[in-house]
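Asker: Chains as they are written, first to last, in the working numbering: chain A, 12 to 442; chain B, 12 to 442.
A virtual CB, placed ideally from N, CA and C, is assigned to each residue, including glycine.
Computed from a predicted model, the values in this text were never measured in an experiment.
Shown below is the structure under consideration.
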């Protein structure tokens, strides 16, 4: 059983859109046990579309095709599909009705361009679209089946889940299993080095990596004789992977590192306050992207100006003058000030030089000072991050969250070092 | 002159990585005047790689190929290229030296796997890699040339700019021109509707769209008889596009909307303070992503807890009790409080219900209250945004920035409405 994916659209071949649809479909196909054989993107051009579809239908059992089912004149996919099987396009009346009702509900009236979206090749099997207007459809071409879906991601996903899964699942006996593990602390290359040799020593296992700097996701994929065998292989390999990544592993599903830190704070009933400068609100943003942040985040003060550090966090002007805004002393004063003002259990102060200007010999761009404060005292840390402004802000935000997590749960303290960073711990200051 | 792009890597066909390389290459090729004919991704499999390369070399003049030049055993591209032209792989000594020096500089020693990266097909033209280890190379296959680059985006881009541009530019006489315009305020479909008919009435013009909700980028592409003709066509179409999008146009390069608002504040010498609740730091993050925010952003207080609204912004507890945290009254108190405390020229207060819980009949999820305050008074606004938590946070942040911009420069006030939003302006409150 082989599958290929065709994406239709000049916006793709011109690079105006990144092809996330093909990646999403492949990811789901792998989960279902398939090994996608090819992705092909062609422009909105009759010849290109027909050539691609007929070539792939001759080589593979199933071809998943997205795009070109829209209302405008450059949407040619349905006409090409009809030409491919030598059938006319016919109006699918039930789809016309569905489209009319959907548009009415949205307060719009149906135009000719919408009716065009209900035209499908004669005898094609219609795949209703629960997330939009244009229905999908399936046609046989030789021994292959070609399944057409709209290019709008939400609509493609709806048709895939509602219909395509049921069509393709019976075509293979599942022989694969997968596990996803999340790490933070090592760059992708180091994670890869740590797992070197596993694939060679465990036949049937492949390991995939996906980096969202500084998080690295590891996917363990097992191909077995049957499903039970694949699952056993996968569990065995996952144990080995976990053992090698213990220091940097933080979860085994889609949870982000900031969400994990939030969860730990919430389950311990701790209230956090943040005073951040060079990270510019990213810390607060990362913690509040997931719902429920109100349970553990009292406040986050982005005190960009020195006056704001003084007014909002109570940082002494003398300290700012004596040590400069990017200093351990100011980080301590920010953390202690915001904790006391808000009555927080734990607080984080972050100040540094995110660049691209403002660096000095002793405090080059990328220098960031951290302070974590509780009633038991304040600990400080200094890091040197490399990269551009966005990268430094992101690495610093994650590092700040890590320091909070380690302070709550010292067992969590890892020896992992951040990508491209020479780690130096400075002295701790008491409360 | 026709070009196709091949991307090699099982991580692509399995959907572990989204193929941003193909989009980047296409975007650059279009800028250079090419019209990419196909993208094809195949797994790390000898047969698949050779089939794809020979098929595309038979149809197109230039094939750009990325990936599979790494140090590990699953990197097969160089061997496949050699097989394709019936030549052995040979060690390219100058590249070995370059690799040795680069690794030494990084404090590493060269291993066998690194040496493998200097093996290229005999007689291939080497394209040195200024951003990494593996060199690129070019081979002739029939009438076509295939150019190989590493899959690491930074290395691919370096080789493309350093060598490939000079190889492909002479192959065509440029006959195309492009302009990029940035909008915020209408959904992509409305932008498309507003521009309907331009392509039909102006032969040679195509219009591309790229949405980063809520920003929509519009690309005007002109194909002419020669370069001067294309440029004239492009300018004429751009004038028409600008006229139709006047209300929502905010720039004509890569500048983001938050960066534009920051620039306006900076050029007017105004200092902004923000008190944000439901947007959770995203406002501060958007404004500080670009450098220079310290010149206009005094402070951003993410006052998630009611106590933080009182302690940090001076919001009266009675107001919170009487109206609830998500209310116009609290937005006003937040904006006025943070402005006075920080001595800001202008301030923004944002509070609302980002979801997924916390909605009520009168304040459903997506209800957000805004207040913009200066010494001349405080204006308020209420919006209902639809979508999930991340979307509501993002739409609310952009709307807050728009209100700040409109307050600074009332000529900027647009009649544009936000996607999926019924706009209602409430009464204004004095200072």
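1) Below 8 Å, how does it come out for the region 243-250 of chain B and the region 187-196 of chain B: are there three or more Cβ pairs, yes or no?
2) When DSSP labels each residue in this structure, what does residue 177 of chain B get in the three-state scheme?
3) Could you give the DSSP three-state label for residue 115 of chain B: helix, strand or coil?
4) DSSP three-state call for residue 107 of chain A: helix, strand or coil?
5) At the 7 Å Cβ level, is residue 428 of chain A part of the contact set with chain B, yes or no?
6) Assuming residue 167 of chain A and residue 77 of chain A are in contact, meaning their beta carbons sit under 8 Å apart, how far apart are those beta carbons, in whole angstroms?
7) Quick check on DSSP: helix, strand or coil for residue 345 of chain A?
8) I need the straight-line Cα distance from residue 13 of chain B to residue 51 of chain A, nearest angstrom please.
9) Would you kindly report the start and end of the unbroken beta strand (DSSP E) that includes residue 393 of chain A?
10) Just the C-alpha distance for residue 283 of chain B and residue 309 of chain B, rounded to the nearest angstrom, thanks.
11) Indicate whether at least one CB of chain B lies closer than 7 Å to the CB of residue 376 of chain A.
12) Please classify residue 180 of chain B: is it buried, with 16 or more other beta-carbons within 10 angstroms of its beta-carbon, or exposed?
13) Any beta carbon from chain B within less than 7 Å of residue 367 of chain A's own beta carbon?
14) Roughly how many angstroms lie between the CA atoms of residue 100 of chain A and residue 89 of chain A, to the nearest whole one?
15) Mark residue 102 of chain A as exposed unless 16 or more other C-beta atoms lie within 10 angstroms of its C-beta, in which case mark it buried.
16) Whole-angstrom Cβ separation of residue 178 of chain A and residue 158 of chain A, contact assumed at under 8 Å?
17) Can a CB atom of chain A be found closer than 7 Å to the CB of residue 221 of chain B?
18) Exposed or buried, which one is residue 250 of chain A when buried takes at least 16 other CB atoms within 10 Å?
19) Tell me which residues of the region 132-151 of chain B have at least one Cβ-Cβ distance to chain A shorter than 7 Å, keeping chain order.
20) Should residue 363 of chain A go down as buried or exposed, given a rule of 16 or more other Cβ atoms within 10 Å for buried?
21) With 16 other CB atoms within 10 Å as the buried threshold, where does residue 426 of chain A fall?
22) For the beta strand (DSSP E) containing residue 320 of chain B, name the first residue and the last one.
23) Do residue 286 of chain B and residue 213 of chain B come within 7 Å of each other at the CB atom, strictly closer than that value?
24) Roughly how many whole angstroms lie between the Cα atoms of residue 382 of chain A and residue 350 of chain A?
25) Would you report the Cα separation of residue 165 of chain A and residue 142 of chain A, rounded to the nearest angstrom?
26) Roughly how many angstroms separate the alpha carbons of residue 228 of chain B and residue 327 of chain B, rounded to a whole number?
27) Per the DSSP calculation, residue 385 of chain B is bridged to which residue(s)?
28) Can you tell which of B:106, B:113, B:144 has its C-alpha closest to the C-alpha of residue 512 of chain B?
29) Along the region 171-202 of chain A, where does the CB come closer than 9 Å to a CB of chain B? Name the residues.
30) Which residue marks the beginning of the alpha helix (DSSP H) containing residue 243 of chain B, and which one marks its end?
31) With residue 17 of chain B as the anchor, note down where its beta strand (DSSP E) starts and where it stops.
32) Do residue 58 of chain B and residue 91 of chain B come within 7 Å of each other at the CB atom, strictly closer than that value?
33) Do residue 93 of chain A and residue 155 of chain A have their CB atoms nearer than 7 Å?
34) Name the chain B residues whose beta carbon is nearer than 9 Å to that of residue 230 of chain A?
35) What residues are listed by DSSP as bridge partners for residue 230 of chain B?
36) Does the beta-carbon of residue 124 of chain B have 16 or more other beta-carbons within 10 angstroms, so that it is buried, or is it exposed?
Answerer: Well, looking at it:
1) yes
2) Residue mapping note: residue 177 of chain B aligns to position 166 of the second chain, counting from 1. Note: residue 177 of chain B maps to helix in three-state DSSP.
3) Position 104 of the second chain, counted from the first residue, corresponds to residue 115 of chain B. Here residue 115 of chain B sits in helix by DSSP.
4) On the first chain, position 96 is the one that residue 107 of chain A refers to. Of the three classes helix, strand and coil, the one that applies to residue 107 of chain A here is helix, per DSSP.
5) One-based indexing of the first chain puts residue 428 of chain A at position 417. Residue confidence for residue 428 of chain A is low, a pLDDT of 38 falling below 50, so the modelled location carries little weight; the figure read from the coordinates is stated next. No, because no Cβ of chain B sits closer than 7 Å to the Cβ of residue 428 of chain A.
6) Start at 1 with the first residue of the first chain, and residue 167 of chain A comes out as number 156. Start at 1 with the first residue of the first chain, and residue 77 of chain A comes out as number 66. That belief holds up - the Cβ atoms of residue 167 of chain A and residue 77 of chain A are roughly 5 Å apart, short of 8 Å.
7) Walking along the first chain from the start, residue 345 of chain A turns up at place 334. Helix.
8) Position 2 of the second chain holds residue 13 of chain B. Position 40 of the first chain holds residue 51 of chain A. Distance between the alpha carbons of residue 13 of chain B and residue 51 of chain A: 16 Å.
9) The residue given as residue 393 of chain A occupies position 382 in the first chain. Taken as a continuous stretch (DSSP letters only), the beta strand (DSSP E) holding residue 393 of chain A covers 388-395.
10) The sequence position of residue 283 of chain B within the second chain is 272, counting from 1. The sequence position of residue 309 of chain B within the second chain is 298, counting from 1. If you take the alpha carbons of residue 283 of chain B and residue 309 of chain B, they lie about 6 Å apart.
11) Against the first chain, residue 376 of chain A aligns to sequence position 365. So, not an interface residue.
12) Taking the second chain and counting its residues from 1, the one referred to as residue 180 of chain B is at position 169. Answer is exposed; the Cβ neighbour count stays below 16.
13) Within the first chain, the letter at position 356 stands for residue 367 of chain A. Residue 367 of chain A counts as touching chain B.
14) Mapped onto the first chain, residue 100 of chain A falls at position 89. Mapped onto the first chain, residue 89 of chain A falls at position 78. Cα to Cα, residue 100 of chain A sits roughly 8 Å from residue 89 of chain A.
15) By one-based count along the first chain, residue 102 of chain A stands at place 91. Exposed, by the Cβ-count rule.
16) Indexing the first chain from 1 puts residue 178 of chain A at position 167. Indexing the first chain from 1 puts residue 158 of chain A at position 147. With a Cβ gap of about 7 Å, residue 178 of chain A and residue 158 of chain A count as contacting.
17) For the purposes of this step, residue 221 of chain B is identified with residue 210 of the second chain, where counting begins at 1. Judged by the 7 Å Cβ criterion, residue 221 of chain B is in contact with chain A.
18) Within the first chain, numbered from 1, the residue matching residue 250 of chain A stands at position 239. When all chains shown are included, residue 250 of chain A counts as exposed.
19) none
20) Looking up residue 363 of chain A in the first chain gives position 352. Classification for residue 363 of chain A: buried.
21) Taking the first chain and counting its residues from 1, one reaches residue 426 of chain A at position 415. Reliability fails at residue 426 of chain A, whose pLDDT of 44 lies under 50, so the model's placement of it is uncertain and the value that follows must be treated cautiously. Exposed, because fewer than 16 other Cβ atoms sit within 10 Å of the Cβ of residue 426 of chain A.
22) On the second chain, residue 320 of chain B is found 309 positions in, with the first residue counted as 1. Element bounds for residue 320 of chain B: not the beta strand (DSSP E) but the alpha helix (DSSP H), 317-324.
23) Residue 213 of chain B sits at position 202 when you count from the first residue of the second chain. Residue 286 of chain B sits at position 275 when you count from the first residue of the second chain. Contact: no.
24) As a working mapping, residue 382 of chain A is identified with position 371 in the first chain. As a working mapping, residue 350 of chain A is identified with position 339 in the first chain. The alpha-carbon atoms of residue 382 of chain A and residue 350 of chain A are separated by roughly 11 Å.
25) Taking the first residue of the first chain as position 1, residue 165 of chain A is located at position 154. Taking the first residue of the first chain as position 1, residue 142 of chain A is located at position 131. Approximately 7 Å between the Cα atoms of the pair.
26) If you number the second chain from 1, residue 228 of chain B lands on position 217. If you number the second chain from 1, residue 327 of chain B lands on position 316. If I take the Cα positions, the gap works out to 43 Å.
27) Locating residue 385 of chain B in the second chain gives position 374, counting from the first residue. Answer is B:388, bridged to residue 385 of chain B.
28) Nothing about residue 512 of chain B can be read from this structure; chain B reaches only from 12 to 442.
29) none
30) Locating residue 243 of chain B in the second chain gives position 232, where the first residue counts as 1. Segment 238-255, the alpha helix (DSSP H) holding residue 243 of chain B.
31) Residue mapping note: residue 17 of chain B aligns to position 6 of the second chain, counting from 1. From DSSP, the beta strand (DSSP E) with residue 17 of chain B extends over 14-19.
32) The count along the second chain starts at 1 and reaches residue 91 of chain B at position 80. The count along the second chain starts at 1 and reaches residue 58 of chain B at position 47. The answer is no: Cβ separation not under 7 Å.
33) Residue numbering aside, residue 93 of chain A sits at position 82 when the first chain is read from its first letter. Residue numbering aside, residue 155 of chain A sits at position 144 when the first chain is read from its first letter. Against a cut-off of 7 Å, the Cβ pair of residue 155 of chain A and residue 93 of chain A comes out as no contact.
34) To locate residue 230 of chain A, count along the first chain from 1; it is residue 219. Those within 9 Å of residue 230 of chain A in chain B are 25, 27.
35) Stepping through the second chain from its first residue, residue 230 of chain B is reached at position 219. In the DSSP output, where bridge partners are listed per residue, residue 230 of chain B has B:191, B:219.
36) Taking the second chain and counting its residues from 1, the one referred to as residue 124 of chain B is at position 113. Exposed, by the Cβ-count rule.
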